[in-house]
Every structure is written in structure tokens, then in C-alpha cells.
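Comments concern the structure below.
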Amino acid sequence: MCFVAKYVEYFIIFFMTVNYVRSEQQLRRLLAAALITAALLGAYGWWQMPSGIRPSAPFEGPEGEPNTFGGYLVLVFSVACALALTLPAVRTRWRRGCALLAVLVIPPLLATLSRSSWVALAASLAVLVALSPKRRLLLGATFVAGSLLFLAHPQRLEERLLYTFHGEEHDQHSVQVGRVNLDPSASARLSSWGAALGGFVEHPLAGWGVTGFGFLDAQYFRILVEIGAFGFAAFAMLVGSAGITFYRAYTTLPDPLYRGLGLGMAAGLGGLLVHAIGTNTFMLIRVMEPFWLLTGLVVACESFAREA
């Protein structure tokens, strides 16, 4: 019941946002509040980094949820970077603030040591490069950032990356792909994916029911095994509709702020779709609450354009 309640909550957030925002001023205030909140959380991540722990959002318990925090930062980076690339020079405060925020969240994102978040960041950047007319500027900034990261040579990031493909030599539960022994976390994911596919074959249409198959930390396989092909088709339609809405807002709306928000959400969705390979991204409260809030703002942007 708890899992179903989450989806209801996300719909309520989206519904309230679309019906509450009636003016551009209200939209700007909500967007500014979301970005300021992101800046505070980014600063909190910076504060955690010197202690050697993996950054996580506050109120997550003693161990935290770095993977969740990483997914949230991917969404924040996408929106902030897109706004910085799209807004004209006359909107200096918005443009500089968003550019600073995009830079601010990168170190905490890398420090989460969440491999799903790293790949999601790459996917988000790929969408931005593909759609933004300022792709050369973005590619140049990415090259500079990558060069600085290579020169800094952070040991923890390198160890985390190498551990993925080296694993533990005498671990009986380690999955071997070719000559590569995967680490326990990656091995457990691959094993759970295989089990989920086996469960899907047994009940392909309607699945085993929500939580009926057991815990799976992989969005797509969880949907397949729990609600079957029908549920997966519905999920694909929902995500596809959101992506079409974001792309349409970016390509058709006249206001640069609206177009930047549409581009950012398109890139954020691309990143989260990749992030969901290794976690239940579209169930995470700390990721989906801001996602559906911002989605509601994009829909509100389109309604303003129709009324103009």
C-alpha cells in the first residue's frame, strides 16, 4: 500500500502545481524556490565531503542514500545547466545563478560514488549536447571539467570505478562476465535481473502484483515482474508523454525561460531513465517530488503560451 501511496502523492503534486500556477510570477517563484533548495542541498553535500562519507540528503538515517541523492543532483544539474545555456544575457542573475548551481552540484554528485548517478549524468549531458544550440560551449566546459578531474586524480573515485570490474577474487557470489569478476553489488543486481525475468515469464501479462515478487532495486525489471507487460506499457506511455511534453516546450514556446525549463527536464528525464537501470528511480520520493513539481511547471508554461 505504501508503494501505491507514493504514486498517488506524485500525481497530487503534479495536479496541484498545474492548477495553482496561474501567472508567470508564480511560476518564477516556484522555480526559484526549487533551485534555491537545490543549492542548499548541494552546499550540504559539500559540507559532508571533507568527512570522507558519501554525501546524502539530510534526514536519511545514519547510513544515508547516496544513490538517491545522486539521482536528485542529476535532475538539478540538468535543469540548471539548460537554463544557463538558454536564457539570454539580459537575464543575468538567473543565468549566472543557474550556471553556478550546475557547477556546484557536480563535486557532491561525483562524491556519492553512485555509479548509476555517474552514468545518468553522462546521459543527461548527451541530451543537452544533442538538443542545445550551444553544444560547443557545453562540450568545451565538459572537456575542461574532465581534464581537471583527471589531473586531480581523486583516489576514491578511481577505487570505486576499478572495484566494479575487479570485484573480490574469492567471493563465491561474484558474477563473472568474460574474464571480469564484478563486485558484489553489481553481481547481486545481475542475479536479481535474471530472477525477475524468470518471474516475468511465469506471469507475463499482469505480473505478480505490487511487492508480490520480492524486493528489486531496478525500476524496469521491477515493473515487468510486478505489473507485467500491461503495466510496463502504461509506464512507457507515461514517460513518453512526459518526454514529448518537455521537447515540445523546448522547441515551440517563445519565452527562453520556458524553453530552458523544457530542455532541462528533457535532459533530466534522459538521465533518470538511465539511473533507473540500477535503482527504483521513479519510486524515490526525494527524486520524484521535485520531478513532478517541475513537470507541472512545464505544463503550466504551455498553458500560458496558449493563452497569450
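In this note's numbering, the protein residues as written are 44 to 351. Note that CB positions come from ideal geometry on N, CA and C, so glycine has one too.
Task: Contiguous alpha helix (DSSP H) assignments of at least 4 residues, all confined to the stretch 261 to 286 - done: The stretch 261 to 286 contains no whole alpha helix (DSSP H) run of 4 or more residues.
Task: Where Leu130 sits in the DSSP three-state scheme - done: Translated into positions along the sequence shown, residue 130 becomes position 87. Three-state DSSP puts Leu130 in coil, outside helix and strand.
TODO: Determine the direct distance from the alpha carbon of Pro297 to that of Ala358, and round the result to whole angstroms.
DONE: The first residue shown for the chain is 44 and the last is 351, placing residue 358 beyond what the model contains.
Open item on the list: Within the continuous alpha helix (DSSP H) that includes Ile328, where are the two ends?
Closed with: Numbered from its first residue, the sequence shown carries residue 328 at position 285. Note, Ile328: alpha helix (DSSP H), Ile328 to Glu350.
- [ ] Would you mind listing the alpha helix (DSSP H) stretches within the stretch 156 to 181 that are 4+ residues and don't spill past its ends, in chain order?
- [x] Counting only runs that start and end inside the stretch 156 to 181, the alpha helix (DSSP H) elements of at least 4 residues fall at 158 to 174.
Task: For Gly242 and Ala249, the rounded distance between their alpha carbons - done: Here the question's residue 249 lines up with position 206 in the sequence shown. Here the question's residue 242 lines up with position 199 in the sequence shown. Note on geometry: alpha-carbon atoms of Ala249 and Gly242 lie some 11 Å from one another.
- [ ] Identify, in the order they occur along the chain, each residue of the same chain with its Cβ nearer than 6 Å to the Cβ of Gly113, setting aside the five sequence neighbours on each side.
- [x] Residue mapping note: residue 113 aligns to position 70 of the sequence shown, counting from 1. Cβ within range, chain order: Leu152, Thr155, Ser157 and Ser160.
TODO: Can you grab the Cα-Cα spacing for the pair Trp251 / Leu240, in whole Å?
DONE: On the sequence shown, position 208 is the one that residue 251 refers to. On the sequence shown, position 197 is the one that residue 240 refers to. For Trp251 and Leu240, the distance between alpha carbons rounds to 12 Å.
Open item on the list: Is the separation between the beta-carbon of Ser121 and that of Gly314 shorter than 8 Å?
Closed with: Against the sequence shown, residue 121 aligns to sequence position 78. Against the sequence shown, residue 314 aligns to sequence position 271. For the 8 Å CB-CB criterion, Ser121 and Gly314 form a contact.
Open item on the list: Taking a contact to mean a Cβ-Cβ separation below 8 Å, would you say Phe278 touches Ala309 in this structure?
Closed with: Mapped onto the sequence shown, residue 278 falls at position 235. Mapped onto the sequence shown, residue 309 falls at position 266. With contacts defined by Cβ atoms closer than 8 Å, Phe278 and Ala309 do not form a contacting pair.
Open item on the list: Quick check on DSSP: helix, strand or coil for Asn323?
Closed with: Within the sequence shown, the letter at position 280 stands for residue 323. Per DSSP, reduced to three states, the secondary structure at Asn323 is coil, with no helix or strand assignment.
TODO: Give the straight-line distance between the Cα atoms of Cys344 and Leu205, rounded to the nearest whole angstrom.
DONE: Your numbering for residue 344 matches position 301 in the sequence shown. Your numbering for residue 205 matches position 162 in the sequence shown. Computed Cα separation, rounded: 44 Å.
Task: Cβ contact check for the stretch 134 to 146 and the stretch 318 to 327: 3 or more pairs under 8 Å - done: No contact exists between the stretch 134 to 146 and the stretch 318 to 327.
- [ ] Consult DSSP for Phe356 and reduce its assignment to one of helix, strand or coil.
- [x] Residue 356 lies beyond the range of the chain shown here (44 to 351); nothing can be said about it.
Open item on the list: I'd like the span of the alpha helix (DSSP H) that includes Phe243, first residue to last.
Closed with: By 1-based counting over the sequence shown, the position of residue 243 is 200. Note, Phe243: alpha helix (DSSP H), Pro227 to Glu245.
Open item on the list: Which residue marks the beginning of the alpha helix (DSSP H) containing Arg65, and which one marks its end?
Closed with: Along the sequence shown, one-based indexing puts residue 65 at 22. Taken as a continuous stretch (DSSP letters only), Arg65 belongs to no alpha helix (DSSP H), as it is neither H nor E.
Open item on the list: Can you tell me whether Ala100 is helix, strand or coil according to DSSP?
Closed with: Your numbering for residue 100 matches position 57 in the sequence shown. DSSP places Ala100 in coil when its eight states are reduced to three.
Open item on the list: For the ligand ADP, I want to know if Val146 counts as a neighbour, meaning its beta carbon is within less than 7 Å of at least one of the ligand's heavy atoms.
Closed with: For the structure depicted, the ligand ADP is absent and the ligand set is empty, with no information on it obtainable.
Open item on the list: By alpha-carbon positions, which one of Thr295, Thr294 and Leu281 ends up nearest to Leu312?
Closed with: Translated into positions along the sequence shown, residue 312 becomes position 269. For the residues Thr295, Thr294 and Leu281, the minimum Cα distance to Leu312 belongs to Leu281.
TODO: Assign Val64 to buried or exposed, taking buried as 16 or more other Cβ atoms, counted over all protein chains shown, within 10 Å of its Cβ.
DONE: Position 21 of the sequence shown, counted from the first residue, corresponds to residue 64. Result: buried.
Task: Host alpha helix (DSSP H) of Trp137 (start-end) - done: Counting from one through the sequence shown, the residue named residue 137 turns up at place 94. That run of the alpha helix (DSSP H) goes Thr135 to Leu147.
TODO: Return helix, strand or coil for Pro299, following the three-state DSSP convention.
DONE: Sequence index remark: in the sequence shown, residue 299 carries index 256 (1-based). Pro299 carries a helical assignment under DSSP once its states are collapsed to helix, strand and coil.
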